[in-house]
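What follows is one structure encoded as structure tokens, with my remarks underneath.
Chains as they are written, first to last, in the working numbering: chain A, 8 to 192; chain B, 8 to 103.
In structure tokens:
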């Protein structure tokens, strides 16, 4: 039902119906923002790139064809390309400065819990940002978006098996960096 | 238990605590409502970048034409000043 609705909305949006595009925007803006935020590490660039993703989608939606790849995957690919350009332009990976943390709300956390987790979160994000872009994508899509390996595969253009294997290698790399002692704390 | 199942179980045990930690720390974030609302308006109303959205089409054309004309005037004045300088320079060298 959701898929059918989406294909109808997509058809209207690709004919220039701004209201239909607005529905798609409402549906995906948070997810795209999350993806970009965790890839760039700061709110300002995340907002800027998220806006560009939707402008680009709006101007090219007439080119979108449903060939078994969902619209969300198309959006994520746009976001992925823009983030890659951003990293290339900046030639450096940013970290989330502590002063920026309060400007963003982590869903489902009580305020005091957020305070406790901030430092640990920041260390983990530093570690994740040191991984290759593919591995970062995988972790974000799995743990932030809670996607299955098959869905991640559609976005990353890999088979489900390849995603599973990449996931295993990513966890191995992370565990080696973090160390067993810290994990057992 | 087959080899595959055993491998899977070992892998699960091995990474269980790491996955739990990742699950606990990697939380979705909420974008600022002002950002979401402003972008929605820009996309639905204008579909153009913010700086374009501030003007309507007529205003945009007027600003563009004014800018081009101002540019032409500045270039012409600079060119005339340069020519005058060269002519004056030549005259003074002939006089001496």
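C-beta atoms are modelled at their ideal positions from N, C-alpha and C, and glycine is treated no differently.
Next item on the list: Using a cut-off of 9 Å between C-beta atoms, extract the partners of residue 159(A) located in chain B.
Entry: In chain order: nothing, as chain B lies at least about 15 Å away.
Check: Apart from the five residues just before and just after residue 17(A), which ones in its own chain have a Cβ nearer than 8 Å to its Cβ?
Finding: Within the same chain, 27, 31, 68, 71, 73, 78 come within 8 Å of residue 17(A) by CB-CB distance, once the 5 residues on both sides are set aside.
Check: How many angstroms separate the CA atom of residue 156(A) from the CA atom of residue 87(A)?
Finding: C-alpha separation (whole angstroms): 18 Å.
Notebook entry, point to check: From this set, 125(A), 48(A), 52(A), which residue's C-alpha is nearest residue 147(A)'s C-alpha?
Noted result: For the set 125(A), 48(A), 52(A), the Cα lying nearest the Cα of residue 147(A) is the one of 48(A).
Next item on the list: Within 10 angstroms of the Cβ of residue 151(A), are there 16 or more other Cβ atoms? Answer buried if so, exposed if not.
Entry: Burial call: buried.
Margin query: Determine, for residue 17(A), whether the minimum Cβ-Cβ distance to residues of chain B falls below 8 Å.
Written below: At a cut-off of 8 Å, the C-beta of residue 17(A) has no neighbouring C-beta in chain B.
Next item on the list: Taking only beta-carbon positions, decide if residue 67(B) is within less than 8 Å of chain A.
Entry: Not one chain A Cβ lies under 8 Å of residue 67(B).
Margin query: Can you check which of these residues, 25(A), 91(A), 23(A), 45(A), is closest to residue 33(B) by C-alpha distance?
Written below: Of 25(A), 91(A), 23(A), 45(A), the smallest CA-CA separation from residue 33(B) is found for 45(A).
Note to self: Quick check: does the Cβ of residue 97(A) come within less than 7 Å of any heavy atom belonging to the ligand ADP?
What the structure shows: In the structure shown, the ligand ADP is absent, as is every other ligand, since no ligand is present at all.
Notebook entry, point to check: When the Cβ atoms of the region 69-78 of chain B are set against those of the region 91-98 of chain A, are three or more pairs found closer than 8 Å?
Noted result: Not touching, per the Cβ criterion.
Notebook entry, point to check: Are the CB atoms of residue 162(A) and residue 35(A) nearer to each other than 8 Å?
Noted result: For residue 162(A) and residue 35(A), no; Cβs fall outside 8 Å.
Next item on the list: Report yes or no: is there a C-beta of chain B within less than 8 Å of the C-beta of residue 56(A)?
Entry: Not closer than 8 Å to any Cβ of chain B, the Cβ of residue 56(A) fails to qualify, so no.
Next item on the list: Establish whether the CB of residue 30(B) and some CB of chain A are separated by less than 8 Å.
Entry: With respect to chain A, the C-beta atom of residue 30(B) has a partner C-beta closer than 8 Å.
Margin query: Between residue 46(B) and chain A, is any beta-carbon pair separated by less than 8 Å?
Written below: Taking Cβ atoms only, chain A reaches closer than 8 Å to residue 46(B), which makes this a yes.
Next item on the list: Consider the Cβ of residue 7(B): report whether some Cβ of chain A lies at a distance smaller than 8 Å.
Entry: Residue 7(B) lies beyond the range of chain B shown here (8 to 103); nothing can be said about it.
Checklist line | Beta-carbon proximity check, residue 145(A) vs residue 173(A), cutoff 8 Å | finding: Using a Cβ distance threshold of 8 Å, residue 145(A) and residue 173(A) count as a contacting pair.
Notebook entry, point to check: So, using beta-carbon positions, are residue 85(A) and residue 57(A) closer together than 8 Å?
Noted result: No, the Cβ-Cβ distance between residue 85(A) and residue 57(A) is not below 8 Å.
Next item on the list: Report the option in 23(A), 43(A), 21(A), 80(A) whose CA atom is closest to the CA atom of residue 136(A).
Entry: Ranking the options by Cα distance to residue 136(A), first place goes to 43(A).
Item checked: Endpoints, the alpha helix (DSSP H) within which residue 150(A) is located -> From DSSP, residue 150(A) is part of no alpha helix (DSSP H); its letter is neither H nor E.
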